[in-house]
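Visitor:
Take a look at the structure:
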């Protein structure tokens, strides 16, 4: 039972198109994240947000942009898709817990293929 | 720089046997957290277990346990009584704690693909 939802799960699109990957969570978490994962590889943080109107770039440079207008919603946008953007994009959220673990809950991912 | 190393690209295990997935980490900080996530072929990341650097006991969650050896900077995942549904990619990850609070950056290893054979 997912508490964080990503759409679309799969997207095949042509070069130059604008795309938005949606991410919504129902847990009221303040912190949200976008990770990029190439097939068989590790995850790299590309964007994160501490709360509404807060966004920061992650460790991996990305041409994508994000916005956080509502707590539950953290969409990722590519203005002009290129084949190099082909990857899986994973959205996650977290809240501070007493143990300090700050465990991330992930969505099912969006697999993007740009032709 | 912080780094997670998983040296086993793939492993086989027989059903009902135990398996250990290796993870070593590198950090200069005293406070940090270590995580293991499971990623089935469907793609989602499933949290398995967490170990804080100051936790004196090894973490356990059902069939999962974390063999934490701080001096050796290792945090191996042990899965007991493997099941066919355990076949997946397993990622070790680390978060640093800065200024008394957790950062929001998880650093992931390259993963180990586990195949459980009947």
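Protein chains in written order, with my numbering: chain A, -8 to 106; chain B, 553 to 670.
For each residue, glycine too, the CB sits at the ideal point set by N, CA and C.
Please report how far the alpha carbon of residue 626 of chain B lies from the alpha carbon of residue 9 of chain A, in whole angstroms.
Guide: Taking the second chain and counting its residues from 1, one reaches residue 626 of chain B at position 74. Taking the first chain and counting its residues from 1, one reaches residue 9 of chain A at position 18. Roughly 43 Å separates the two Cα atoms.
Visitor: Using a Cβ-Cβ distance cut-off of 8 Å, determine whether residue 105 of chain A contacts chain B.
Guide: Position 114 of the first chain, counted from the start, is the residue given in the question as residue 105 of chain A. Chain B contact via Cβ: absent.
Visitor: Output the residue ranges of the beta strand (DSSP E) runs that lie fully inside the segment 18 to 83 of chain A and measure 3 residues or longer, sorted by chain position.
Guide: The qualifying runs are 22 to 28, 34 to 42, 45 to 48 and 67 to 69.
Visitor: Hey, does residue 615 of chain B have any beta-carbon neighbour from chain A nearer than 8 Å?
Guide: Translated into the one-based positions of the second chain, residue 615 of chain B becomes position 63. So no, residue 615 of chain B is outside the interface.
Visitor: Can you check whether the C-beta of residue 72 of chain A is within less than 8 Å of a C-beta belonging to chain B?
Guide: Here residue 72 of chain A refers to the residue found at position 81 of the first chain. No, residue 72 of chain A does not count as interfacial toward chain B.
Visitor: Over what stretch of residues does the beta strand (DSSP E) that includes residue 628 of chain B continue unbroken?
Guide: Taking the first residue of the second chain as 1, we reach residue 628 of chain B at position 76. 626 to 631 is the span of the beta strand (DSSP E), which, as asked, contains residue 628 of chain B.
Visitor: Counting only the same chain and skipping the five closest in sequence on each side, list residues whose C-beta sits under 8 Å from that of residue 61 of chain A.
Guide: One-based indexing of the first chain puts residue 61 of chain A at position 70. Hits under 8 Å: 43.
Visitor: Please report the straight-line C-alpha distance between residue 86 of chain A and residue 669 of chain B, rounded to a whole angstrom.
Guide: Stepping through the first chain from its first residue, residue 86 of chain A is reached at position 95. Stepping through the second chain from its first residue, residue 669 of chain B is reached at position 117. Going from the Cα of residue 86 of chain A to the Cα of residue 669 of chain B covers about 37 Å.
Visitor: Between which two residues does the beta strand (DSSP E) containing residue 610 of chain B stretch?
Guide: The residue you call residue 610 of chain B lines up with position 58 of the second chain. Element bounds for residue 610 of chain B: n/a, residue is neither H nor E.
Visitor: Just to confirm my understanding: we take residue 612 of chain B, look at its own chain, exclude 5 residues before and 5 after, and list those with CB closer than 8 Å. What are they?
Guide: The sequence position of residue 612 of chain B within the second chain is 60, counting from 1. Taken in chain order, the residues that qualify are 601 and 618.
Visitor: Can you name the residues of chain B whose CB is closer than 9 Å to the CB of residue 16 of chain A?
Guide: Taking the first chain and counting its residues from 1, the one referred to as residue 16 of chain A is at position 25. Simply none; closest approach about 14 Å.
Visitor: I need the straight-line Cα distance from residue 500 of chain B to residue 49 of chain A, nearest angstrom please.
Guide: The structure shown does not extend to residue 500 of chain B, since chain B is modelled only from 553 through 670, so no value can be given for it.
Visitor: Using a C-beta to C-beta distance shorter than 7 Å, which residues of chain B count as neighbours of residue 12 of chain A?
Guide: Locating residue 12 of chain A in the first chain gives position 21, counting from the first residue. In chain order: nothing, as chain B lies at least about 14 Å away.
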